[in-house]
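Numbering (my numbering), first residue to last: 43 to 184.
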């Protein structure tokens, strides 16, 4: 994974910049009455991206049990999120948080050691800050 070391700063900047829509949505929802959809739609886009990454990682060289779990997560999370568009906003937010946790846990269990240390720190940091955004939204805007 020497490629990660070469672009680590760029990846960190990109990852942290990707948090802006989460926190801008929290501000917008609380201060200027944006719809909750501004937060959820971005979260779903990011989760779809992460599920695609899980799919690829699982199919490339994951352990046998990891492949099945990865494919299940990659298929189930987006479908579950889409289906949640017919339930309450609070439940949608909970399911979205569940999706981030599921993807992160799959990586921790089945592919964590394959990634460079810098990537593992980045993933943990980003997942923590995304889940914190979910909690802030629950306590300030819902």
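The beta carbon of each residue, even a glycine, is placed where N, CA and C say it ideally should be.
request  = Out of 82, 81, 119, point me to the one whose CA is closest to residue 96's CA.
outcome  = With distances taken between Cα atoms, residue 96 lies closest to 119.
key: CA nearest to the CA of residue 182, picked from 164, 92, 78, 110   = The candidate whose alpha carbon is nearest that of residue 182 is 78.
request  = Run the CB neighbour count on residue 82, radius 10 Å, all protein chains shown included, and call it buried at 16 or more, exposed below.
outcome  = By the 10 Å Cβ count, residue 82 comes out buried.
task = Have a look at residue 141 and residue 153 and give me their C-alpha separation to the nearest angstrom.
result = Rounded to whole angstroms, the gap between the alpha carbons of residue 141 and residue 153 is 17 Å.
query = Do you know offhand how far residue 47's Cα is from residue 184's?
reply = When rounded, the separation of the alpha-carbon atoms in residue 47 and residue 184 is 40 Å.
key: Endpoints, the alpha helix (DSSP H) within which residue 133 is located   = Taken as a continuous stretch (DSSP letters only), the alpha helix (DSSP H) holding residue 133 covers 131 to 148.
query = For the 8 Å Cβ check, are there 3 or more pairs between the region 122 to 130 and the region 167 to 179?
reply = Under the 8 Å Cβ criterion, the region 122 to 130 does not count as touching the region 167 to 179, having fewer than three qualifying pairs.
key: Limits of the alpha helix (DSSP H) - the one that residue 151 falls within   = Segment: none, residue 151 is in no alpha helix (DSSP H) and carries neither H nor E.
Segment limits, alpha helix (DSSP H) that includes residue 67 = Counting along the chain, residue 67 sits inside the alpha helix (DSSP H) bounded by residues 62 to 73.
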